[in-house]
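Count along the sequence shown from 1, then add 65; that gives the number in the working numbering. Yeah, the Cβ is synthetic: ideal placement off N, Cα and C, and Gly gets one too.
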Amino acid sequence: MAAIGAASKLGVLIKGGAALEALGTIGGIALDKTGTLTANRPAVIDIATTNGATREEVLAVAAALEARSEHPLAAAVLAAAQPRRPPATCKPSRGPG
66 MAAIGAASKL GVLIKGGAAL EALGTIGGIA LDKTGTLTAN RPAVIDIATT NGATREEVLA
126 VAAALEARSE HPLAAAVLAA AQPRRPPATC KPSRGPG
């Protein structure tokens with residue numbers, strides 16, 4: 066298991082010989098710009114608020130903005146808002162951001 070020790074010195078953790086052996090069967094790996102591996106199932110896990118807005122209000126506005134999008138992240142927002150039902154209309158307004 067010299068390969069596991071060598072990988073460890075490079076900062077790579079390999080969980081045993083079976084995992085190391087399985088690496089030989091991989092045809093490709095996809096990473097995002099930060100190097101994060103995902104399961105291709107985006108989901109809303111937290112909602113940050115500011116200026117007195119509630120989580121429900123923030124999610125409702127986000128869902129209204131994503132309502133016509135086909136992007137996977139939009140689908141995650143809409144799925145999170147599903148039980149809350151997004152507003153039927155959205156009025157844009159100028160702001161600092």
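Using the Cα positions of residue i and residue j, report the straight-line distance between them to the nearest angstrom.
i	j	result
residue 67	residue 79	12 Å
residue 142	residue 108	7 Å
residue 152	residue 70	56 Å
residue 89	residue 112	40 Å
residue 135	residue 120	23 Å
residue 91	residue 83	13 Å
residue 74	residue 85	15 Å
residue 117	residue 110	20 Å
residue 138	residue 144	10 Å
residue 72	residue 95	20 Å
residue 77	residue 114	37 Å
residue 161	residue 97	29 Å
Helix, strand or coil: how does DSSP classify residue i here?
i	result
residue 99	coil
residue 161	coil
residue 133	coil
residue 153	coil
residue 91	coil
residue 107	coil
residue 126	helix
residue 80	coil
Using only CA atoms, which one of the options lies nearest to residue i?
i	options	result
residue 158	133, 76, 126 and 119	126
residue 132	122, 147 and 106	147
residue 105	114, 160 and 140	140
Rounded to whole angstroms, how far is the Cβ of residue i from the Cβ of residue j, which I believe are closer than 8 Å?
i	j	result
residue 155	residue 124	Actually they are not in contact, since the Cβ atoms of residue 155 and residue 124 sit about 13 Å apart, beyond 8 Å.
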